[in-house]
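I have placed the structure first, in the form of structure tokens, so that the comments after it can refer back to it.
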Amino acid sequence: MNTQIEISVKINGKQYSAAAEPRLLLSDFLRHELGLTGTHVGCEHGVCGACTVLLNGEAVRSCLMFAVQADGQDLLTVEGLAAANGDLHPLQAAFREAHALQCGFCTPGFLMSLLPFLQDKPDASEEEIRAALSGNLCRCTGYQNIVKAVKMLLEESNSDPA
Amino acid sequence: MATRYFGKPIKRNEDPRLLKGQALFVDDVNLPDMLHVAFVRSDYAHAKIKSIDVSAAREREGVVAVYTAEDLGDYWQPGPLLVPPPPIAGLTFNQKTQVPLAKDRLKHVGEPIAVIVAASRYIAEDAAEDVIVDVEPLEAVADLESALSDEAPVIHEDLDSNLSAHVVQEKGNYAKIRAQADVLIKRRIFYDHGIAAAMENRGIVAHWNAKEQHLKIWDTTQAPIPIQNGLAAMLGLSESQVQVVAPFIGGGFGPKIMMFYPEEVLIPWISMQLQRPVKWIEDRRENFFATTHERSQIHDSEIALTRDGKVLGVQDVFLHDAGAYAPYGLTVPINSQCTLLGPYDVPNYYSEFKAVFTNKTIVTPYRGAGRQHGVFVMERLLDLAAKQLGIDRVEIRRRNYLTPDQFPHDHEIVYQDFAPLVYDSGNYQPALERAAEMIGFHDFIKNDQPAARTAGRHLGIGIVSYVEGTGIGPYEGARIKVDASGKVNVATGIGTQGQGHFTSFAQIVADQLGVTVDNVRVVTGDTCEFHWGTGTFASRGAVVAGNAIHAAAVGVRKKILKHASEHLEAAEADLVLDNGAVHVKGVPQKSVSLGELARISNPLRGAVKPGMEPGLESTDYFGPERGTTASGVHAMIVEVDPDAMMVEIKRFVVVHDCGKVINPMILEGQIHGGVAQGIGNSFYEELVYDEGGQLLNASLMDYLLPTATDVPHIETDHIETPSPLNPLGVKGAGEAGAIPVGALFAQAIEDALSDYDLEILEIPLSPNRLFELVHMQAATKQES
């Protein structure tokens with residue numbers, strides 16, 4: 008039960024090595040072992056999506072994974088989004104611009120779920136955006152301004168001549 | 145004074161931290177040597193405890209301590225009555241409050257029995273499984289209606305029955321007017337409101353530092369100051385030895401103002417016992433049982449009208465489910481009782497309720513706080529009257545609104561804040577007309593609906609009104625100080641759960657002091673920063689704390705002008721505050737920055753003159769004599785698929801009046817979120833209990849919160865009727881979005897299914913329930 012397994016994982020471009028019990032959830036490992044508390048835990052049964060992180064570029068729920076399963080993998084958490092100088096990532100900036108967050112607890116999960124979606128669907132319709140958001144729960148915003156933020160960002164990047 | 149910020153959609157100061165994952169939430173607090181807690185909770189709704197065996201748990205490696213009620217000694221006390229009953233003649237109130245750990249009897253599923261303290265949460269949960277609780281199960285009181293029957297088991301042994309409270313409030317003489325009415329409509333109406341389900345569960349970290357003799361607590365509370373003062377009293381500490389911090393809170397919506405939760409009482413005590421930091425974070429399953437609910441009422445209601453649809457009076461007798469204990473007093477049922485009257489002129493009103501103990505989780509306010517129930521009753525009665533009298537649904541509301549010349553309007557009953565229910569101001573008809581126009585009410589009924597019906601589609605429309613008593617006392621306060629850097633610090637006692645206080649409060653201050661919003665740093669919910677106040681509830685942050693902050697900012701402005709006048713050798717009347725400095729009108733080279741003035745006013749040598757105080761600082765308070773009444777109208781078009789009974793919202797319109805608006809962007813966000821919760825309440829969320837008092841759907845897999853595909857685009861507009869009760873003219877807005885949505889669903893779905901001649905007298909609905917209702921109605925018709 009108390010066997011510790013050494014794992015090594017790359018998170019936000021930085022290599023971390025630490026010991027973890029096999030039963031330790033990835034969400035708890037990130038938050039409590041590594042101090043990366045930007046990833047939030049809302050339900051621990053994979054419904055709310057607050058704990059979403061990117062595993063090798065794909066959105067996963069860190070509460071449904073064990074830390075040992077992340078051994079040797081590449082993770083991105085909300086802490087890895089902003090630029091090194093502190094500037095917000097365009098998706099973060101769009102969230103602020105559109106007032107897409109209130110209490111902000113679910114926000115990291117929404118951001119991480121949206122990143123791969125925006126890459127895959129740069130011309131998503133509102134219906135597709137809403138479907139993509141439907142795996143994350145927010146109790147404050149009614150989702151309207153989250154949809155608005157995504158639309159704003161897509162319009163901006165589509166009109167960007169670069 | 146230039147109002148450059150008040151009324152503007154200023155982007156939020158708090159967002160960068162939240163977006164980068166850098167904001168502090170309670171579960172982010174991690175201290176050296178910290179211990180972790182798990183609770184052993186009741187699996188039974190009602191049972192006698194025969195024995196508790198914690199020996200195996202104590203022996204488990206990594207377990208530091210295990211406590212049961214026995215181990216608490218004198219610290220074991222029932223919690224305080226948070227809200228005593230209001231001064232209403234003849235009321236009965238049987239006071240029963242929750243206990244820290246169950247001693248002899250278990251009164252609801254999830255009631256804490258034992259606490260495990262261990263090196264990690266994982267070990268604590270393992271050890272919780274080791275505890276053996278031997279019980280004698282008792283018949284549970286799970287049904288609201290039969291709870292008061294003679295056969296029902298009595299939950300609190302020293303009471304004769306499960307009656308928690310009995311209240312009658314009356315205005316005019318309903319019995320008399322009833323005899324003169326042309327039309328009487330009587331129905332039994334059921335309204336169930338679910339759980340807040342904030343995305344962040346509750347949590348508490350306590351750190352007793354013996355060397356400093358200081359207890360620091362991080363708590364997901366909406367009311368840090370009462371928690372500080374209450375815990376100090378319970379633990380025998382001075383209030384200044386206890387610091388409570390409510391950092392960023394991941395949604396509140398009401399249940400986080402309940403106090404004192406058993407965990408809030410226990411975790412600080414354990415930290416003092418063990419002399420180590422202790423953390424407990426609720427998990428989602430616990431949240432379903434251990435965080436308060438709102439739940440149901442059953443109303444027997446009658447409305448009396450004239451032939452032309454004018455309301456003569458209403459009689460409403462209802463049962464209210466209080467849960468196992470009632471620490472929050474009568475707030476929820478009193479809100480139902482008072483808010484039923486809505487924006488209408490109801491000259492005669494008889495309202496009687498019985499609050500009932502059941503073997504279920506405690507009921508305390510959740511966004512709307514009983515107002516939904518009252519609004520649903522009145523709106524349904526009006527809809528039934530409109531149908532029976534052949535009056536248009538917009539028209540019957542128009543005919544019964546209080547008119548602008550009727551304010552202030554005294555409803556002659558007592559509100560939840562103990563003050564008479566007096567509406568300060570209101571102008572209801574413009575919102576109704578605007579909402580009807582925005583959604584195209586009459587055009588829809590004349591053209592769109594019949595056309596759709598011809599095409600075999602079932603479209604329906606609804607339009608409902610509501611009021612919301614907001615901004616109640618007793619008071620809030622704030623301290624504002626200009627730093628030597630020129631930045632402005634604002635400290636206020638209320639906690640923040642996403643309402644944008646860091647921005648809207650900064651806007652108020654920025655306008656007074658001539659600085660930019662991002663130079664105003666707001667601190668909320670840290671008792672070391674400010675220790676007077678009550679909390680964030682009842683849509684009162686902007687009204688009560690907002691006006692306190694305004695008053696304190698005016699005080700700082702006066703000091704700035706006084707010092708600057710001396711320093712610049714100019715009359716105060718000639719000074720202008722702008723761009724972080726004080727300027728002399730017309731003499732641009734004569735100015736002094738606020739930072740420089742802050743230094744001058746707080747000298748290291750020389751003298752602070754008599755009559756002057758050091759620094760550019762001011763503390764002030766605001767206490768309204770009573771609440772201020774916001775109002776609004778919601779309208780919606782739905783399409784119902786009569787085979788699957790799925791309801792699609794085609795359009796949703798909100799026209800809202802909360803007086804002067806500080807930040808329209810934030811206000812609209814509040815409305816969107818409220819409506820989403822209203823939609824959840826109306827069509828998705830239901831706490832399903834069995835007859836044994838077991839909650840059957842305690843997970844987010846089974847208790848359905850609306851997602852982005854369930855909540856439509858919400859169109860909003862505003863009417864501004866400023867409140868005369870506060871200098872900023874603001875009214876609260878936090879709960880308005882949620883309040884009338886149940887009534888709207890019932891009306892719009894009924895309209896869409898008009899072929900089926902349905903009467904929808906209950907919330908929540910669901911496809912299953914609609915299917916049942918339609919088939920029950922068909923069966924009734926066949927029989928007759």
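Those protein sequences? They're chains A and B, same order as listed.
Mind the numbering: the first sequence is residues 8 to 169 in this note's numbering, read in order.
Mind the numbering: the second sequence is residues 145 to 928 in this note's numbering, read in order.
Glycine included, each C-beta is placed from N, C-alpha and C at the ideal position.
This one's a predicted model, so the numbers in the text were calculated from it and none came from an experiment.
Bounding residues of the alpha helix (DSSP H) (the contiguous stretch that carries residue i)
i      : result
B/P228 : No alpha helix (DSSP H) holds B/P228; DSSP gives it neither H nor E.
B/Q324 : 318 to 324
B/V519 : 515 to 533
A/S166 : 151 to 166
B/T647 : 645 to 657
B/H919 : 911 to 927
B/H862 : Element bounds for B/H862: not the alpha helix (DSSP H) but the beta strand (DSSP E), 858 to 862.
B/D895 : 885 to 896
Residue i burial status per 10 Å Cβ neighbour count (16 or more: buried)
i      : result
B/L245 : buried
B/K504 : buried
B/V184 : buried
B/A291 : buried
B/G644 : buried
B/M789 : buried
B/M845 : exposed
B/S745 : buried
B/I196 : buried
B/H919 : exposed
B/H90  : Residue 90 of chain B lies beyond the residue range present for chain B, which begins at 145 and ends at 928; the question has no answer from this structure.
Where residue i falls: helix, strand or coil (DSSP)
i      : result
B/W413 : helix
B/G453 : coil
A/G87  : helix
B/I557 : strand
B/A340 : coil
B/K794 : strand
B/M145 : Any reading at B/M145 needs caution, since the residue's pLDDT is 48, under 50, leaving its predicted position unreliable; the model's value is listed next. Coil, per DSSP.
A/Q11  : coil
B/V190 : It is His, not Val, that sits at residue 190 of chain B in the sequence shown. It is coil, neither helix nor strand.
B/A595 : helix
B/K152 : coil
B/T108 : Residue 108 of chain B falls outside the range modelled here, since chain B spans only 145 to 928, and no answer is possible.
B/A262 : strand
Residue i: contacting residues in chain B (beta-carbon distance under 7 Å)
i      : result
A/S141 : T851, A852, T853
A/G111 : L162, A167, F392, G642
A/P115 : G165
A/C55  : M343, L844
A/V60  : In chain order: nothing, as chain B lies at least about 11 Å away.
A/A137 : Rather than Ala, the amino acid found at residue 137 of chain A in this sequence is Arg. Those are A852, T853, listed as they occur along chain B.
Chain B residues whose Cβ lies nearer than 9 Å to that of residue i
i     : result
A/Q99 : D159, P160, L163, K164
Closer than 7 Å at the beta carbon, the chain A residues around residue i
i      : result
B/D427 : E51
Where the beta strand (DSSP E) through residue i begins and ends
i      : result
B/V181 : 179 to 185
A/R68  : 65 to 68
B/I348 : 347 to 353
B/V698 : Run containing B/V698: none in the beta strand (DSSP E); it sits in the alpha helix (DSSP H), 690 to 712.
B/F766 : 761 to 766
B/E612 : 602 to 614
Amino acids of chain B, ordered along the chain, whose beta-carbon sits closer than 8 Å to that of residue i
i      : result
A/G4   : Examination of residue 4 of chain A is not possible in this model, given that chain A is present from 8 through 169 alone.
A/G45  : K164, G165, Q166
A/F102 : D159, L163
A/L95  : P160, L163, K164
A/L33  : Here the premise fails: no neighbours, minimum Cβ distance about 14 Å.
Partner residues on chain A for residue i, Cβ-Cβ distance less than 9 Å
i      : result
B/K794 : Per Cβ cutoff of 9 Å: no residues; B/K794 is ~14 Å from chain A at best.
B/H300 : Ordered by position in chain A, no residue passes the 9 Å Cβ test against B/H300, which lies about 33 Å from the chain.
B/A820 : C145, R146, C147, T148, G149, Y150, Q151
Residue i: CB within 8 Å of a non-hydrogen atom of the ligand SAM
i     : result
A/A26 : In terms of ligand content, the structure shown is empty, and the ligand SAM therefore cannot be addressed.
Within-9 Å CB hit, residue i to chain C
i     : result
A/E28 : In the structure shown, chain C does not exist; the protein chains are A and B.
Which residues of the stretch 143 to 163 of chain A have a Cβ closer than 9 Å to any Cβ of chain B? Give them in chain order. N143, L144, C145, R146, C147, T148, G149, Y150, Q151, N152, I153, V154
Relative to chain B, which residues along the stretch 70 to 85 of chain A have a C-beta separation below 8 Å, given in chain order? T84, V85
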